[in-house]
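See structure below.
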Amino acid sequence: MKKKLEFPEKFSTEVLEPIISRNVIKNFSQLQSKDRLAIIKDLQQEPAVIKAAELIKEGEVVALPTETVYGLAANALNSRAVKKIFAAKGRPQDNPLIIHIARKSALEKLVSNQLDNNLENLLTEFWPGPLTLIFNKKQLVPDQTSAGLKTVAIRMPSHPLFLAVIEKSGFPLAAPSANTSGYPSPTKAEHVFADLHGKIPLILDGGSCEFGLESTVVDLRKKTAVVLRPGALSREKLAAFLGEEVKIAAPGKLPKNKAAIAPGMKYRHYAPEKKLYVLPVDFTGEELASRINLQQVDRIALITARENKIELSSQFKKLTNKIEIKLLKVFNRQQPAELAHKLFDLLRKLDQDSKVEEIYIESVAGTGIAEALMNRIYKAAAAANDFQPGGEND
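The sequence shown runs contiguously to residue 394 in the UniProt record's numbering.
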């Protein structure tokens, strides 16, 4: 079991919930640009947004909602503020951060790349949204933000509260997930509070995150586009827009001596404290039984698709005579986005459930968000499943 880093409590962490319609948040990215700007302008008068922006200006860190997961934000151009992100999370210093901006024009100060028509069209199509791009950085971006690299990862989130804080503060914001490093990402304000209370001054509660998985990180600097981290925007959508193949970086952890140019490439991520085991799609009772050490475990949680009929198998019934099985049918196989939205919240709840010792989860087949979902599941299970993609020995 992992041990959380000890961190002296410095703050009485405040949780504020700005007044904003959940429908506005959900449909924000589909609105016309002028309508989005009007909402962001109005939100800048919201007391919670004003407080968050003032803390950013003072060099503090605050937790903010995005459409993917909650982010731990600080002024990306203030190296001392950025160091506070790493300290609060217990994040390795060589793991680069993503910079979040509210306007495309902000790129001019941050990156040295020339924005050609193809890139402009891509940004128009997918920003704001869960697409992070790798650029060559300008000197204005401190090494603490880019982990000493000559590149920087940048995206424009589609959550109006995050965008309002960027605009009100006047700074681009560096923001990894707002959780203890390596643990399941936070998709609710309560997840952030559980991990970081006493370590940060403020959390803005924007409700449950829409996607529940992090952004897709893409490197377009070479001839072929490469997905460095699969995420909420599918590789298929990118390929269809670009009119060409989009490759995906090889899974698995990078060697210790090799730099990661994007988050999620090098270190163990998304993992509950309890061991997580991955089962095949529509696994059999025999396959489940072969994975469980009955000498060590008395109680497990089993996450499956609703279509799974494992409870009807004779082997499953035999297992229930020996151990307690908490069967959770929480998603449809044709709707992997449903599990993506719930995954991190579910892992966190099972971590806190005293009646569960180990967690088992059915795989999801397919492309699109299923690819990103399995990336997260394999990484979360890496310590217990070294032979699987994303495992220690891969």
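In this text, a Cβ means the ideal position worked out from N, Cα and C, and glycines have one as well. Please read all numbers here as calculations on a predicted model, not as lab measurements.
(request) Provide the residue(s) that pair with Val141 in DSSP beta bridges, ordered along the chain. (result) Residue numbering aside, residue 141 sits at position 141 when the sequence shown is read from its first letter. BP columns for Val141 are empty, so no partner.
(message) Assuming contact is defined by CB atoms lying nearer than 8 Å, are Val15 and Asp195 in contact in what I supplied?
(response) On the sequence shown, position 15 is the one that residue 15 refers to. On the sequence shown, position 195 is the one that residue 195 refers to. No.
(message) Going by C-alpha to C-alpha distance, which of Lys199, Arg299, Asn375 sits closest to Ser234?
(response) Taking the sequence shown and counting its residues from 1, the one referred to as residue 234 is at position 234. Nearest C-alpha to Ser234: Asn375.
(message) Using DSSP's beta-bridge definition, name the partner residues of Tyr378.
(response) As a position in the sequence shown, residue 378 is number 378, starting the count at 1. Per DSSP, none; premise fails for Tyr378.
(request) Following the continuous alpha helix (DSSP H) through Asn179, name the residue where it begins and the one where it ends. (result) Sequence index remark: in the sequence shown, residue 179 carries index 179 (1-based). From DSSP, Asn179 is part of no alpha helix (DSSP H); its letter is neither H nor E.
(message) Measuring only the C-alpha atoms, how far is Asp394 from His269?
(response) For the purposes of this step, residue 394 is taken as the residue at position 394 of the sequence shown. For the purposes of this step, residue 269 is taken as the residue at position 269 of the sequence shown. Note that Asp394 scores 30 on pLDDT, short of 50, meaning its location in the model is unreliable and no value can be drawn from it.
(request) Using the Cα positions of Gln139 and Leu110, report the straight-line distance between them to the nearest angstrom. (result) Looking up residue 139 in the sequence shown gives position 139. Looking up residue 110 in the sequence shown gives position 110. Whole-angstrom Cα-Cα distance: 8 Å.
(message) Given this structure, state the Cα-to-Cα distance separating Gly390 from Gly231, to the nearest angstrom.
(response) Position 390 of the sequence shown, counting from 1, holds the residue named residue 390. Position 231 of the sequence shown, counting from 1, holds the residue named residue 231. Unreliable positioning characterises Gly390 in this predicted model, as indicated by a pLDDT of 37, which lies under 50. The coordinate reading is nonetheless provided below. The alpha-carbon atoms of Gly390 and Gly231 are separated by roughly 15 Å.
(message) Between which residues of its own chain and Glu357 is the CB-CB distance below 6 Å, once the five residues before and five after are set aside?
(response) The residue labelled residue 357 in the question sits at position 357 within the sequence shown. Closer than 6 Å at the Cβ level, and outside the excluded window around Glu357, lie Val297, Arg299.
(request) Would you mind reading off the limits of the beta strand (DSSP E) that contains Thr304? (result) Taking the sequence shown and counting its residues from 1, the one referred to as residue 304 is at position 304. Counting along the chain, the beta strand (DSSP E) containing Thr304 begins and ends at 299-305.
(request) Give the DSSP bridge partners of Thr284, in chain order. (result) Counted from its first residue, the sequence shown places residue 284 at position 284. None; Thr284 has no bridge partner.
(request) Could I get the ranges of all uninterrupted beta strand (DSSP E) runs contained in the stretch 300-369, with 3 residues as the minimum, in chain order? (result) 324-331, 358-362
(request) Verify whether the separation of the beta carbon atoms of Ile99 and Pro172 is less than 8 Å. (result) For the purposes of this step, residue 99 is identified with residue 99 of the sequence shown, where counting begins at 1. For the purposes of this step, residue 172 is identified with residue 172 of the sequence shown, where counting begins at 1. Yes, these two residues count as a Cβ contact at 8 Å.
(message) Rounded to the nearest angstrom, what separates Lys2 and Ile39 at their Cα positions?
(response) In the sequence shown, the residue the question calls residue 2 occupies position 2. In the sequence shown, the residue the question calls residue 39 occupies position 39. Low confidence applies to Lys2: its pLDDT is 49, below 50, so where it sits in the model is not reliable, and the reading given next is rough at best. Computed Cα separation, rounded: 42 Å.
(message) Which residue marks the beginning of the alpha helix (DSSP H) containing Asn95, and which one marks its end?
(response) Locating residue 95 in the sequence shown gives position 95, counting from the first residue. Here Asn95 belongs to no alpha helix (DSSP H), and DSSP marks it neither H nor E.
(message) Assuming contact is defined by CB atoms lying nearer than 8 Å, are Leu328 and Ile292 in contact in what I supplied?
(response) Position 328 of the sequence shown, counting from 1, holds the residue named residue 328. Position 292 of the sequence shown, counting from 1, holds the residue named residue 292. Result no, Cβ atoms of Leu328 and Ile292 do not sit closer than 8 Å.
(message) If contact is defined by three or more beta carbon pairs under 8 Å, each pair taking one atom from either stretch, is the stretch 80-96 in contact with the stretch 179-197?
(response) yes
(message) Please identify the residue among Ala289, Ser21, Val330, Glu125 whose C-alpha is closest to the C-alpha of Gln32.
(response) In the sequence shown, counting from the first residue as 1, residue 32 sits at position 32. The shortest Cα separation from Gln32 among Ala289, Ser21, Val330, Glu125 belongs to Glu125.
(request) Would you check if the stretch 208-226 and the stretch 348-364 touch, i.e. whether three or more CB-CB distances between them fall below 8 Å? (result) no
(request) Could you name the residues of the same chain whose beta carbon sits closer than 7 Å to that of Ile377, not counting the 5 residues immediately before and after it, in chain order? (result) What you label residue 377 is simply residue 377 of the sequence shown in a count that begins at 1. Around Ile377: Val278, Ile361.
(request) State the DSSP-derived secondary structure class of Asp195, mapped to helix, strand or coil. (result) In the sequence shown, the residue the question calls residue 195 occupies position 195. DSSP places Asp195 in helix when its eight states are reduced to three.
(request) With a threshold of 16 other CB atoms inside 10 Å of the CB of Pro18, please say whether the residue is buried or exposed. (result) The sequence position of residue 18 within the sequence shown is 18, counting from 1. With 16 or more Cβ atoms within 10 Å of its Cβ, Pro18 is classed as buried.
(message) Would residue 405 and Leu213 qualify as a contact pair, given that the criterion is a beta-carbon distance under 8 Å?
(response) No answer is possible for residue 405: the residues shown for the chain start at 1 and end at 394.
(request) Please classify Val69: does DSSP put it in a helix, a strand, or coil? (result) Translated into the one-based positions of the sequence shown, residue 69 becomes position 69. DSSP places Val69 in coil when its eight states are reduced to three.
(request) In angstroms with no decimal places, state the Cα-to-Cα distance between Ser79 and Ala147. (result) For this step, residue 79 is matched to residue 79 along the sequence shown. For this step, residue 147 is matched to residue 147 along the sequence shown. If you take the alpha carbons of Ser79 and Ala147, they lie about 11 Å apart.
(request) May I ask which residues mark the beginning and end of the beta strand (DSSP E) holding Ile248? (result) In the sequence shown, counting from the first residue as 1, residue 248 sits at position 248. Run containing Ile248: 246-248, per the beta strand (DSSP E) assignment.
(request) Under 8 Å by Cβ, that's how I've got Val62 and Gln144 pegged, so tell me the actual separation to the nearest angstrom. (result) The residue given as residue 62 occupies position 62 in the sequence shown. The residue given as residue 144 occupies position 144 in the sequence shown. Their Cβ separation, rounded to whole angstroms, is 18 Å, which puts Val62 and Gln144 out of contact at 8 Å.
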